[in-house]
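Protein chains in written order, with the numbering used here: chain A, 3 to 211; chain B, 362 to 480.
Every residue, glycine too, gets a C-beta built ideally from N, C-alpha and C.
Beneath this line is the structure, given in structure tokens, with notes to follow.
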Amino acid sequence: MPGLIGKKIGMTSIYSAAGKNIPCTILEVGPCVVTQVRTLEKDGYEAIQLGFGERSEKRTSKAMQGHFKRAGVAPKRKLVEFKNFEGELQPGAELKVDDVFAEGEFVSISGTSKGKGFQGVVKRHGFGGVGQATHGQHNRLRAPGSVGAASTPARVFKGMRMAGQTGNGRVTIENLEVVKVLADEGVLIVKGAVPGHKGSMIIIRKPEA
Amino acid sequence: MDRIKEIASKLVEVQDWPSFQAGDTVEVTIKIKEGNKERLQKFQGVVIQRRGEGHTQTFTVRKMASGVGVERIFPIASPFIDEIKVLKRGKVRRSRIFYLRNLTGKAARIREKRHFKAN
């Protein structure tokens with residue numbers, strides 16, 4: 003799946019040609035630089051490693067500095083591998099938004115969702131809570147309730163939905179429509195929401211053909 | 362935030378409507394598409410709020426239609442708005458005059474601003 007790396011700028015709404023108001027997310031995508039080419043002979047698989055964003059040399063480890071030097075590019079903030087890129091690409095080649103994406107296409111976007119911290123079951127799994135404040139209820143309005151039966155099975159089943167860390171995990175949203183591609187600004191506009199904070203790194207992939 | 366506005370301003374055009382605020386009486390002409398035909402419809406009433414900023418701003422117009430209060434929210438950048446005409450400038454003391462919803466008849470009148478110049 004070819005794709006690019008980008009940054010979330012934020013949400014707004016624009017109008018379609020038919021006059022419909024579309025909620026959309028503005029993404030800064032590319033220019034991405036090829037930092038390595040994985041080949042079948044050497045690595046056992048074919049892929050292309052792309053880099054995006056600036057990173058100061060001081061903040062880059064010596065090992066990574068060597069990696070970037072080999073490709074002949076400045077240190078990048080994020081590196082991601084993509085498969086099935088068309089055509090031969092050499093390290094140092096630059097890819098822009100309009101090289102990969104076109105208006106009307108559908109893309110899938112991965113990012114790190116906003117962290118919500120340690121949350122209870124009502125927020126984390128959408129439990130209903132107790133729903134009653136009277137009839138003997140006391141300090142259990144948002145409690146999870148029973149987690150299982152007694153002597154059989156005498157344990158709590160694996161995967162029981164409980165409270166815990168919510169958000170701040172990798173989330174992929176599939177089939178987001180590309181509304182606009184602004185090649186000059188390196189901006190991609192997709193319909194709908196995208197995981198993560200403003201300014202967070204995201205990976206945009208084309209769906210598998 | 363500024364980057365969003367900058368990009369959005371290139372994609373969405375907000376026309377230069379006459380300035381109006383809560384309390385003003387306006388007549389909004391709306392384009393309505395029916396099949397292939399397009400016709401115009403007018404909606405006249407009192408502006409009870411303006412909300413948001415930039416091209417995502419909206420305004421709410423309230424009118425009484427056969428004894429029933431009707432409110433319509435228009436996005437200011439909507440391509441379906443043909444014209445906005447300010448008929449009266451009302452003298453009100455707040456920017457969101459929701460108290461109008463609880464008033465009917467004579468009580469729902471709004472004092473007019475003096476020295477109003479029509480545009």
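In chain order, 21 make up the part of chain A whose C-beta sits under 8 Å from the C-beta of residue 441/B. In chain order, 372 make up the part of chain B whose C-beta sits under 8 Å from the C-beta of residue 182/A. In this structure the region 136 to 144 of chain A does not touch the region 186 to 205 of chain A; the number of beta carbon pairs closer than 8 Å is below three. The residues 15, 16, 17, 18, 181 and 193, in chain order, have a CB closer than 8 Å to that of residue 24/A in the same chain once the five nearest residues on each side in sequence are set aside. Residue state for residue 162/A is assigned as coil, using DSSP reduced to three classes. Boundaries of the alpha helix (DSSP H) harbouring residue 102/A: 99 to 102, taken from the DSSP string.
Residue environment analysis places residue 139/A among the exposed positions, since fewer than 16 neighbouring C-beta atoms fall within 10 angstroms of its C-beta. According to the DSSP assignment, residue 193/A belongs to the beta strand (DSSP E) that extends over 189 to 193. In this chain, the alpha helix (DSSP H) harbouring residue 126/A covers 123 to 127.
Among the residues of chain A, those whose CB is under 8 Å from the CB of residue 438/B are 17, following chain order. Residue 407/B is classed as buried because its beta carbon has at least 16 other beta carbons within 10 Å across all chains shown.
A check of alpha carbon separations from residue 98/A across 64/A, 77/A and 55/A identifies 55/A as the nearest. In this structure, residue 449/B sits near residue 386/B, with a CB-CB distance shorter than 8 Å. For residue 376/B, no pairing in a beta bridge is given by DSSP. Taking 8 Å as the CB threshold, residue 445/B stays off the interface with chain A. By the criterion of a C-beta distance shorter than 8 Å, residue 445/B is surrounded in its chain by 378, 379, 381, 387, 388, 389 and 390, once the five residues flanking it on both sides are discounted.
Residue 443/B: member of the beta strand (DSSP E) spanning 442 to 449, first to last residue. Inclusion of residue 416/B and residue 370/B in the CB contact set at 8 Å is warranted, their separation being smaller than that value. Excluding the 5 residues flanking it on each side, residue 209/A has same chain C-beta neighbours closer than 8 Å at 3, 108, 109, 110, 176 and 177, in chain order. For residue 463/B, the secondary structure class from DSSP, reduced to helix, strand or coil, is helix. A buried status is given to residue 30/A, since no fewer than 16 other beta-carbon atoms sit within 10 Å of its beta-carbon. The bridge partners DSSP lists for residue 17/A are 23/A. Counting C-beta pairs closer than 8 Å gives fewer than three between the region 399 to 413 of chain B and the region 42 to 49 of chain A, which falls short of the contact rule. For residue 207/A, the number of other beta carbons within 10 angstroms of its own is at least 16, and it is reported as buried.
Under DSSP, no beta-bridge partner is assigned to residue 196/A.
The three-state secondary structure of residue 110/A, taken from DSSP, is strand. For residue 11/A, the chain B residues whose Cβ falls inside 7 Å of its Cβ are 364 and 365, in order along the chain. Nearest to residue 185/A by C-alpha distance, out of 88/A, 100/A and 87/A, is 100/A. Bridge pairing for residue 4/A: absent [DSSP]. In the assembly as shown, residue 78/A is a buried residue. Its beta-carbon has 16 or more other beta-carbons within 10 Å.
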